[in-house]
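Letter by letter, the sequence shown follows residues 1 to 577 of the working numbering. First comes the structure, then the notes that go with it.
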Amino acid sequence: MKTLNEEYPLFPVPHLESLQDLLRGSAERHGTKLALEDLNETPIRQLTFQELMDRTIRFGRALRRIGLDERDHVAVISENRVQWAIAYLAATTSNFVVIPIDKSLKENEIVTILHASDAKAVVFSEGMRDTVLTLARSVKGLKVFVDMDLREREGHVHSMTQLIAAESGEVRGDAFPRLDADAVSIIVFTSGAMGRAKGVMLSQRNITSNLMAMLSMVELLPEDRFLSVLPIHHTYECTCGLLCPLTAGSSVHFARSLKTVVEDLQKVRATILLAVPLLYDKMFKRIQAGVAEKRLASLLVKPMAGVASAAEAVGIEGVRRKMFAAIHEKLGGAIRILIVGGAAPNPGISKGMRAYGFTLLQGYGLTETSPIVALNRLRKFRDDAAGLPLPNVEVRIADPDDQGRGEIAVRGPSVMLGYYKNEEATRQVLRDGWFYTGDYGFVAADGFLHVSGRKKNVIVAANGKNVFPEELEDQVNAIPFVLESVVYGAKGPTGDEEICVMVVPNAETIVPHAEKAGTEITREWIEDVITKEIRDLNRRLPLYKQLRRVRIKEGEFEKTTTQKIKRYLIHQEDTTH
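See the structure below:
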């Protein structure tokens, strides 16, 4: 039960200087316990903690044997799988520098990163083989190629499993080479608004300081089972969804695909899921739709929730989980925590999921901060807040306005070293020891950090007030007939900036609504339905925040691999209508 003012001590965590410490400590504490599992068929499907350290050390040795020197850059590009984790950990703990690459990027973006990162080696899955080998010809210095799925060497392409098997001899925890935990160890390329990649340089101390701080705020257990669904090249999934559970002795199970998440949750009986707001939005809407179909059940939801609230008020927990057991069973029946990050969730979704007995915790961070800055806790949370700053992180609001909102600046051991070979971009965001995030927000009197939106997305209304699109989108997306939306500014007839919204209709609710009304579904009818809902919303908004223009989009918005809408494409779409 939540009590904001109660004494809520931090949890004890193992001390980590480097990822070598992580592997050594986990192998010692959890030896033969399952660490990693692929739900797809792959050459290395499962590893215990002891086996993970063994394979990591052997693969690191193999990379040196086939021609790499310490501090060389090793790119890794594949879907989420056990071998991705081995490659990442081998590169970092063997004193190479790892370059995780998004496998969903276009070919010209992949070759740009391979070139800009100075990669000497690339480890890839079979699905990426043709792309990598074709692009490699244009990347000077790239000399080592390792295929995760190849059974044995073919020409200049090595087999990962063969390389590991060829490393004979005993492996012990002291077999790692010496390394500098403060040196660059990971370079993660993040795309700018127009696709300009910047390489975020992170040290192992950046990562381990973030791991220790997170685990001190949210207790993970060796019995926990994580289902990994988000792209693992992204620092959010890599740090929180892979390294965190490995530190705590929890197991990580790599989902077959986004389409099989529900089946995989059931198969693994996962206790923890990390996802982005879009996945939880869809999950909640489907739960609501399922309840609404059973008319009697839908009438009972509010009274049942009232009973649960009364029980919680006197300290009885777990009532909601029992009342809504059928919904929990559809998601495996064992979910303990749903963690949301990557973007700010709609507070209504968090409260809605909580009403059905799910604990949904929000965090906030950026690749440049390794990534977590603030986190809600199990007994100390705000559904409308990003969370409390980590215990080793300082947060301040730069140049606050009259409401206390300004740019969020962060200082602490998890702040990046800078952007790779880009001193100008580094100077723009790292000043006097503070990292300027580019996000607007405020810190409330209770210490919780609230994020309003990206600085670059802010719309300046005619009265000079700032309007944050993300806050309006939460309200638009709460409309049952809306699947997703983007709020943006555009010049109106008078030359002032108008607040506009582009909406993707939700077919799952639009179709039954039309059938009930006995109406043929046309674009005009859909526009009328959604425009009426927007008018109703406008009545609840201050004049300067009201949505003046509504556009309907037929297909879903183009998104990044972490399911963030590519906002910079919206103005292009608007001008084509």
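Even glycine gets a Cβ: it sits at the ideal position worked out from N, Cα and C. Just so you know, these numbers come straight off a predicted model, no measurement behind them.
In the DSSP assignment, the beta strand (DSSP E) including residue i goes from what residue to what residue?
i       : result
Val-122 : 119 to 124
Ser-203 : 197 to 203
Phe-435 : 434 to 443
Asp-147 : 144 to 147
Phe-557 : Per DSSP, Phe-557 belongs to no beta strand (DSSP E) and is neither H nor E.
Ile-86  : Element bounds for Ile-86: not the beta strand (DSSP E) but the alpha helix (DSSP H), 82 to 93.
Val-429 : Where Val-429 is concerned, there is no enclosing beta strand (DSSP E), although the alpha helix (DSSP H) it sits in stretches over 423 to 429.
Thr-42  : Looking at the DSSP string, Thr-42 is not in any beta strand (DSSP E), and its letter there is neither H nor E.
Val-157 : 157 to 159
Gly-489 : 482 to 491
Gln-475 : Gln-475 -> not in any beta strand (DSSP E); alpha helix (DSSP H) instead, spanning 469 to 477.
Give the range of the alpha helix (DSSP H) segment to which residue i is assigned.
i       : result
Asp-536 : 523 to 539
Ala-517 : 507 to 517
His-450 : Run containing His-450: none in the alpha helix (DSSP H); it sits in the beta strand (DSSP E), 449 to 454.
Lys-322 : 319 to 323
Lys-267 : 261 to 268
Arg-256 : Where Arg-256 is concerned, there is no enclosing alpha helix (DSSP H), given that its DSSP letter is neither H nor E.
Lys-351 : 347 to 355
Leu-246 : 244 to 248
Ile-113 : 107 to 116
Phe-96  : From DSSP, Phe-96 is part of no alpha helix (DSSP H); its letter is neither H nor E.
Gln-50  : 49 to 65
Ala-374 : Taken as a continuous stretch (DSSP letters only), Ala-374 belongs to no alpha helix (DSSP H), being part of the beta strand (DSSP E) at 372 to 375.
Gly-333 : No alpha helix (DSSP H) holds Gly-333; DSSP gives it neither H nor E.
Ser-138 : Unbroken run through Ser-138: none, as it is neither H nor E.
Leu-22  : 19 to 30
Could you tell me how far apart the beta carbons of residue i and residue j are, in whole angstroms, since I believe they sit closer than 8 angstroms?
i       : j       : result
Val-144 : Lys-120 : 6 angstroms
Arg-225 : Ala-270 : 5 angstroms
Val-74  : Leu-47  : Not confirmed; about 20 angstroms, so no contact.
Ile-599 : Ile-534 : As displayed, the chain neither begins before 1 nor continues past 577, which places residue 599 out of reach and without an answer.
Met-148 : Pro-43  : 7 angstroms
Gly-199 : Met-53  : So it is not a contact: roughly 28 angstroms between Cβ atoms.
Asp-384 : Pro-347 : 4 angstroms
Thr-92  : Ser-185 : 5 angstroms
Ala-386 : Leu-449 : 5 angstroms
Val-13  : Pro-100 : Contact flag wrong, Cβ pair sits at about 24 angstroms.
Ala-85  : Leu-242 : 6 angstroms
Of the residues the options, which one's Cα is nearest the Cα of residue i?
i       : options                            : result
Glu-79  : Lys-566, Ser-203, Val-501, Thr-561 : Thr-561
Leu-338 : Phe-324, Leu-361, Ala-355          : Leu-361
Tyr-88  : Ala-213, Leu-483, Arg-71, Thr-56   : Thr-56
Leu-23  : Pro-277, Ala-289, Gly-290, Thr-208 : Thr-208
Glu-223 : Ile-232, Ile-287, Pro-231, Gly-249 : Gly-249
Lys-267 : Tyr-8, Leu-221, Asp-38             : Asp-38
Ser-104 : Ala-90, Ile-77, Glu-126            : Ile-77
Leu-417 : Gln-50, Arg-65, Gly-433            : Gly-433
Phe-381 : Asn-392, Gln-428, Arg-354          : Arg-354
Glu-41  : Ser-125, Pro-9, Leu-10             : Ser-125
Val-139 : Met-283, Val-122, Arg-151          : Val-122
Ala-374 : Arg-411, Arg-405, Lys-351          : Arg-411
Ile-232 : Ala-213, Leu-258, Arg-61           : Leu-258
Val-276 : Leu-569, Lys-559, Ile-570          : Lys-559
Leu-215 : Ile-372, Glu-497, Gly-495          : Ile-372
Thr-260 : Leu-246, Gly-332, Ser-251          : Gly-332
Lys-455 : Gly-441, Gln-288, Ala-461          : Gly-441
Val-171 : Leu-472, Leu-220, Glu-51           : Glu-51
Just to confirm, are residue i and residue j a CB contact at a threshold of 8 angstroms?
i       : j       : result
Phe-468 : Gly-447 : no
Val-111 : Leu-135 : yes
Met-201 : Tyr-419 : yes
Gly-341 : Gly-357 : no
Asn-210 : Ser-370 : yes
Ala-344 : Val-476 : no
Ala-255 : Leu-278 : no
Ala-90  : Leu-114 : no
Ile-530 : Pro-505 : yes
Leu-388 : Arg-405 : no
Glu-17  : Arg-205 : yes
Phe-435 : Glu-484 : no
Gly-141 : Asp-118 : yes
Ile-272 : Arg-336 : yes
Lys-33  : Phe-49  : yes
Arg-58  : Phe-96  : no
Ala-213 : Pro-493 : no
Using a threshold of 7 angstroms, is the CB atom of residue i nearer than that to any non-hydrogen atom of the ligand ATP?
i      : result
Gln-50 : Here there are no bound small molecules, and the ligand ATP is not part of this structure.
At least three beta-carbon pairs within less than 8 angstroms, the segment 493 to 503 to the segment 537 to 553: yes
Count the C-beta pairs between the segment 489 to 497 and the segment 513 to 532 that are closer than 8 angstroms, then say yes if the count reaches three, no if not. no
With a cut-off of 8 angstroms, do at least 3 Cβ pairs link the segment 235 to 254 to the segment 457 to 472? no
Counting beta carbon pairs with one atom in the segment 389 to 397 and one in the segment 170 to 185, are three or more of them shorter than 8 angstroms? no
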